[in-house]
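Read in order, the letters of the sequence shown correspond to residues 64 to 351 in our numbering. Note that beta-carbon positions come from the ideal geometry of N, C-alpha and C, so glycine has one too.
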Amino acid sequence: MNKPPLTPPIKCQGIKTKLVEDIRHLAANCSFSRWVEPFFGSGVVPLNVRPPKALLCDSNPHIINLYRDIQKRNIDAIIVRDFLSEQGATLLARGEDYFYEVRERFNLDPTSLDFLFLNRSCFNGLMRFNKKGRFNVPFCRKPERFALAYITKISNQVASMARVISSSDWEFRVADFRKTLKLASHGDLVYVDPPYAGRHVDYFNGWTNIDESDLSKVLAALPCGFILSTWHSNEFRTNLSVEKNWTADRFHVFTKSHYYHVGASENLRHPMIEALITNFPANRLPGG
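Here it is in structure tokens:
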């Protein structure tokens, strides 16, 4: 990839921007008619792979509603620019009290624009909901957050996503991963980026060892190709499910090290080794 990958308008923990090139390489070497993704998240992978036809699902309804609104042109770059300019000015004038006012407004009557505002003004760009489904991330303590350059950046990201969606046959659904994967058929390519087992996840994307086990069984039985991205190891521990579920005699594992920029300070941002696991022939792996 000669150009930097396109960036989606929302932030999510564990976004796969730094793995996009490798995932694109794998997808380019696999003939498929439809891309199926049960953990859509930020949308960074299909935004850059750009499959002509896709089924894109997530258990978080706010993510899906945002991209449906972009697809239906209920919101666009100009609407987002004007909204964030207005809300940003109010935030600057009133400070964090206004952030919590918008958060309460969203929790009572959620909209895609408020969701985008909160995602871009909350602490560290986290996306977290409590067991009642209420957004509960605190303020980032930066009332000046929505400077003109920042608003322009987000608006351009919305415009990029809108262009890709408008030229594609993409279906967005709110669904559990099990229901989504039941719809996968011969000729599809499944890309799976589940929440990381053993790490904090939000309410909509809660993840347990049972989920991890169910996912591995469903993927192994798919009638089509799949790409699974998950964490492999870091300096403190190793993801034991990789060795347990993805044996070398049946699957292929490619690893890559990079940093996640979610820590509050640089010294808390440790390198993570990611794994890309496939049921493709070995010569289709990056570098193969």
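With respect to the alpha helix (DSSP H) encompassing residue i, which residues constitute its N-terminal and C-terminal limits?
i: Leu-366; result: In the structure as shown, the chain starts at 64 and stops at 351, and residue 366 therefore has no counterpart that could be examined.
i: Glu-306; result: 303 to 308
i: Cys-235; result: As written in the sequence, residue 235 is Phe, which differs from the Cys given in the question. Per DSSP, Phe-235 belongs to no alpha helix (DSSP H); it is in the beta strand (DSSP E), 232 to 237.
i: Leu-285; result: It is not in any alpha helix (DSSP H) - Leu-285 carries neither H nor E in the DSSP assignment.
i: Leu-110; result: 107 to 112
What residue range is occupied by the uninterrupted beta strand (DSSP E) comprising residue i?
i: Phe-209; result: Counting along the chain, Phe-209 falls outside any beta strand (DSSP E), and DSSP gives it neither H nor E.
i: Thr-100; result: Here residue 100 is Glu; the residue named in the question, Thr, does not match the sequence. Where Glu-100 is concerned, the enclosing beta strand (DSSP E) stretches over 97 to 100.
i: Glu-84; result: That residue, Glu-84, is in no beta strand (DSSP E); its alpha helix (DSSP H) goes 83 to 91.
i: Asp-172; result: Here Asp-172 belongs to no beta strand (DSSP E), and DSSP marks it neither H nor E.
Per DSSP, which residues does residue i bridge with? Please list them.
i: Ser-292; result: Leu-339
i: Trp-270; result: None, per the DSSP bridge assignment.
i: Asp-132; result: Per DSSP, none; premise fails for Asp-132.
i: His-249; result: In DSSP, His-249 forms no bridge with anything.
i: Ser-320; result: Ile-336
i: Lys-116; result: Asp-232
i: His-315; result: Thr-341
i: Asp-121; result: Val-237
i: Asn-297; result: Met-335
i: Phe-192; result: Phe-198
Take residue i as the anchor and find which of the options has the nearest alpha-carbon.
i: Ala-225; options: Pro-286, Thr-271, Leu-154 and Val-143; result: Val-143
i: Arg-236; options: Ser-94, Thr-301 and Tyr-130; result: Tyr-130
i: Ser-248; options: Phe-240, Cys-287, Lys-216 and Ala-283; result: Cys-287
i: Ser-279; options: Gly-151, His-125 and Leu-244; result: Leu-244
i: Thr-271; options: Pro-257, Lys-307, Thr-70 and Glu-84; result: Pro-257
i: Phe-103; options: Phe-240, Gly-151 and Ala-338; result: Phe-240
i: Glu-100; options: Phe-289, Leu-147 and Asp-177; result: Phe-289
Between residue i and residue j, how many whole angstroms is the CB-CB distance? I'm expecting something under 8 Å.
i: Ile-336; j: Ser-320; result: 5 Å
i: Leu-82; j: Ser-292; result: 6 Å
i: Val-165; j: Pro-72; result: No, Val-165 and Pro-72 are not in contact; Cβ-Cβ is about 17 Å, not under 8 Å.
i: Leu-22; j: Gln-76; result: Look at the range of the chain in this structure, 64 to 351, and you will see that residue 22 is not part of it.
i: Pro-67; j: Val-107; result: Contact doesn't hold; Cβ gap of about 12 Å is too wide.
key: At least three beta-carbon pairs within less than 8 Å, the region 311 to 321 to the region 105 to 119   = no
query = Is it a yes or a no for the region 166 to 183 touching the region 198 to 208, going by three-plus beta-carbon pairs under 8 Å?
reply = yes
message = Check whether the region 93 to 113 and the region 226 to 241 are in contact - that is, three or more C-beta pairs closer than 8 Å.
response = Segments in contact, yes.
ask   = Using 8 Å as the Cβ pair cut-off and three pairs as the minimum, do the region 81 to 96 and the region 120 to 127 touch?
value = No: fewer than three Cβ pairs fall under 8 Å.
message = Does the structure place the region 187 to 207 close enough to the region 165 to 179 that three or more beta carbon pairs sit under 8 Å?
response = yes
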